[in-house]
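Quick note, my numbering runs 119 ahead of the 1-based positions in the sequence shown. Working notes, structure below.
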Amino acid sequence: MRNRGNSPEEEAPEGVSSSNPFGFTGKASVNLTISAKQFILSGFQELLQSGLVLICTIGVSIRSLLCDQFGLNPQYVEDRISTVFLDGKPVDDIDATTVAGGATVALSGAMPGLVGATLRRKSPLASFRQTISSPSAPQEESKAPGAVLIKVFNILMDELGPLFLGRGVFLPTETLKSFLEKQTSEFWEGCERILIDDKPVYVHFPREKVLAAVETRHGWVHLVVHEEPSPV
Numbered sequence: 120m121r122n123r124g125n126s127p128e129e130e131a132p133e134g135v136s137s138s139n140p141f142g143f144t145g146k147a148s149v150n151l152t153i154s155a156k157q158f159i160l161s162g163f164q165e166l167l168q169s170g171l172v173l174i175c176t177i178g179v180s181i182r183s184l185l186c187d188q189f190g191l192n193p194q195y196v197e198d199r200i201s202t203v204f205l206d207g208k209p210v211d212d213i214d215a216t217t218v219a220g221g222a223t224v225a226l227s228g229a230m231p232g233l234v235g236a237t238l239r240r241k242s243p244l245a246s247f248r249q250t251i252s253s254p255s256a257p258q259e260e261s262k263a264p265g266a267v268l269i270k271v272f273n274i275l276m277d278e279l280g281p282l283f284l285g286r287g288v289f290l291p292t293e294t295l296k297s298f299l300e301k302q303t304s305e306f307w308e309g310c311e312r313i314l315i316d317d318k319p320v321y322v323h324f325p326r327e328k329v330l331a332a333v334e335t336r337h338g339w340v341h342l343v344v345h346e347e348p349s350p351v
């Protein structure tokens, strides 16, 4: 899997619509880049579950989005991503389901119980949820720059979280502020290097400076989180 992608930017690529269900404006009022120790990456699971906006090419299949754009190995998709939701509806055929601009794509590993088995892709129990399943026929949608909301759940959070966070995501400043206010000193000590709008934060305990930057800039944050390489 790739875990490197777009660099921090204040605006989405030209042509990305600001009309979407999650209110993404196409611009970031602050750019935050964190190089972190591996152990704190799991701390971002709350954000992965609530959803993060990613810039991509829309009008493509879910498989193309995951493999061609996000760089996932096709075998990984088949083996690990058992359940996919598009705008809240379970998907069976990720090759024949088109991702439109402003879509919400939720990814999950295998879920337990009868409900989990029923929601799983290509499940023999899929007929029981026929009325709520996403239609498999490809939709007429031109390929273009766009934004989607990605949600990740259960075992996939540790596996895919670093990929999406390293690529760069957008989220509302209020959401990030609420998340950061709850973090302990252990979290902040695990942040090896922090950049605000490409400028290093030279303080031992950067919590207040980062929160101040987020609090005073209403709108959206472009967040990039990289794992700091371990010393050789």
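Cβ atoms here follow ideal geometry from the backbone N, Cα and C, with glycine treated the same way.
Check	Outcome
So I177 and V267 are in contact, right, with Cβ under 8 angstroms, and what is the actual spacing, rounded?	7 angstroms
Quick check: what's the CA-CA separation for G265 versus Q194?	26 angstroms
Out of E327, V322, P291 and E346, state which residue places its alpha-carbon closest to the alpha-carbon of G142.	P291
From T287 to D187, what does the alpha carbon distance come to, in whole angstroms?	One detail in the question is off: residue 287 reads as Gly in this sequence, not Thr. Using only the alpha carbons, I get a separation of about 17 angstroms.
Answer yes or no: do I159 and A225 have a C-beta to C-beta separation smaller than 9 angstroms?	no
Quick check on the DSSP output: the alpha helix (DSSP H) that includes F283 runs from which residue to which?	L275 to R286
For the region 312-322 against the region 204-218, are there 3 or more C-beta pairs whose distance is under 8 angstroms?	no
In three-state DSSP terms, what is C310?	strand
For T335, count neighbouring C-beta atoms within 10 Å of its own C-beta (all shown protein chains included) and say buried if the count is 16 or more, exposed if not.	exposed
Rank L151, S138 and F163 by C-alpha distance to the C-alpha of P281 and give the top, closest one.	F163
How far does the beta strand (DSSP E) with L205 in it reach, from first residue to last?	T202 to L205
So what's G170 in DSSP terms, helix, strand or just coil?	coil
Provide the residue span of the alpha helix (DSSP H) that contains V196, from first to last.	P193 to R199
Contact defined as beta carbons within less than 8 angstroms: I believe F298 pairs with E165. What is the distance between those atoms, to the nearest angstrom?	6 angstroms
Whole angstroms is fine: what's the gap from H345's alpha carbon to L314's?	12 angstroms
Can you check DSSP and say which residues form a bridge with I315?	L151 and K318
Would you kindly check if the distance between the Cβ of M276 and the Cβ of E169 is under 9 angstroms?	It is Ser, not Glu, that sits at residue 169 in the sequence shown. No, Cβ-Cβ distance for S169 and M276 is not below 9 angstroms.
Tell me which residue opens and which closes the beta strand (DSSP E) that L226 is part of.	T223 to S227
What is the DSSP secondary structure of V329, counted as helix, strand or coil?	helix
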